[in-house]
Amino acid sequence: MKIGMNMLLWTNHVTEQHFDIVDTLKKTGYDGIELFLGEGDLKHYTKLGKHFSSINMGVTAVGALSPEQNIASPDKKTREAGLERLKWTIDMAEAANVEVICGPFHSTFALFTRQPPTLQEKQWSNEMLYKAAEYAQKANIVLTPEAVNRFECYLYNTMADLGSMVQEVNHPNLGAMFDTHHANIEEKSQGQAIRTIAPHLKHVHISENDRGTPGSGQVHWDEVFAALKEIKYDGWLTIEAFSTIIPEFANAINVWRDYSPSEEIYTKGLKLIQEGMGIK
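As numbered in my numbering, residues 3 to 282 make up the sequence shown, in order.
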């Protein structure tokens with residue numbers, strides 16, 4: 003069991019200027035951090051990876067696709083551009099010693115056709131996800147696509163849907179992730195959702211219903227932690243919370259206010275996980 007903190011609370015592009023935050027998280031008790039892979043090059047991420055390794059901090063990452071890179075698109079060139087973006091993401095991740103890449107990269111975030119998802123769209127997406135997983139295998143990285151709530155995605159919203167996708171792709175380097183924020187909106191039961199995705203679960207986001215301090219809102223945390231212990235989950239538990247510190251990014255994910263002070267989020271959030279999972 004490893005506990006991580008997503009750096010999107012402070013920035014969508016981690017640089018050396020953020021090393022003091024990473025060092026503080028290490029001292030607080032975190033096992034690792036999560037990066038958003040949006041810009042940069044191999045030299046940049048290699049430098050980051052060396053610092054994280056030097057302080058024994060593990061790394062996971064978030065990847066995403068632009069509308070021009072949608073792998074569920076009917077346009078073949080758009081799908082191929084998406085695959086190239088996923089390969090770039092994997093290359094940057096490998097340079098930074100990333101173990102898991104998560105995110106809604108089965109399609110483009112917040113891009114809607116105004117129609118329900120089609121089988122053909124899922125097949126197009128699955129084809130590219132398989133090729134991306136093949137590429138990730140060479141880097142020893144696991145891809146974990148994310149089911150996202152209906153207001154941000156139409157292709158995959160529930161663990162039942164996500165589980166079907168992982169089974170269809172059928173590659174050892176492609177699993178699934180569970181996010182308590184999205185599940186709070188889409189699932190009838192957090193516990194049952196976790197049990198549904200259990201055979202494929204490779205990553206977990208700990209996120210409150212309002213994206214603030216975990217434990218301060220409406221998520222049924224006792225149910226979440228009980229189910230994770232029941233299925234003997236032993237991967238990353240990474241806190242994901244957001245702020246308005248980067249206006250462009252905040253606007254892209256519809257964050258219009260700060261929900262909780264950052265220090266409260268990472269200190270109380272860590273304590274919640276430790277107590278909930280029985281970690282000393």
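C-beta atoms are modelled at their ideal positions from N, C-alpha and C, and glycine is treated no differently.
{"Query": "Under 8 Å: do the region 237-253 and the region 199-206 share three or more Cβ pairs, one atom per stretch?", "Result": "yes"}
{"Query": "Does DSSP put GLU36 in a helix, in a strand, or in coil?", "Result": "strand"}
{"Query": "Out of curiosity, what's the CA-to-CA distance linking VAL221 and ASP181?", "Result": "11 Å"}
{"Query": "Could you name the residues of the same chain whose beta carbon sits closer than 6 Å to that of ALA135, not counting the 5 residues immediately before and after it, in chain order?", "Result": "LEU145, HIS173, ASN175, LEU176"}
{"Query": "Can you check which of these residues, ALA228, ILE267, LYS49, ILE233, is closest to PHE244 by C-alpha distance?", "Result": "ILE267"}
{"Query": "Nearest to ILE5 by CA position, among MET59, ALA229, LYS231, ASP224, is which residue?", "Result": "MET59"}
{"Query": "Can you tell me the Cβ-Cβ gap for PRO147 and LEU121, rounded? I've got them flagged as a contact below 8 Å.", "Result": "That pair is no contact at about 17 Å."}
{"Query": "Can you give the Cα-Cα distance for ARG152 and PRO69, rounded to whole angstroms?", "Result": "18 Å"}
{"Query": "Among ILE143, GLU265, ASN128, which one has its Cα closest to the Cα of ALA97?", "Result": "ILE143"}
{"Query": "Assign SER209 to buried or exposed, taking buried as 16 or more other Cβ atoms, counted over all protein chains shown, within 10 Å of its Cβ.", "Result": "buried"}
{"Query": "Let me know if SER55 comes out buried or exposed under the rule of 16 or more other beta-carbons within 10 Å of its beta-carbon.", "Result": "exposed"}
{"Query": "If I measure Cβ to Cβ from MET94 and keep anything under 6 Å in the same chain, skipping five residues before and after, which residues do I get?", "Result": "LEU39, TYR47"}
{"Query": "GLU18 and VAL64 - do their beta-carbons sit closer together than 8 Å?", "Result": "no"}
{"Query": "Below 8 Å CB to CB, which residues in the same chain sit around LEU67 once its five sequence neighbours on both sides are set aside?", "Result": "ILE73, GLY84, ARG87, LEU88, PHE107, SER109, THR110, PHE111"}
{"Query": "Please report how far the alpha carbon of MET3 lies from the alpha carbon of MET279, in whole angstroms.", "Result": "9 Å"}
{"Query": "With the cut-off set at 8 Å, would you say ASN99 and VAL61 are in Cβ contact?", "Result": "yes"}
{"Query": "Here's the rule: buried if 16 or more other CB atoms are within 10 angstroms of the residue's CB, otherwise exposed. What is ALA149?", "Result": "buried"}
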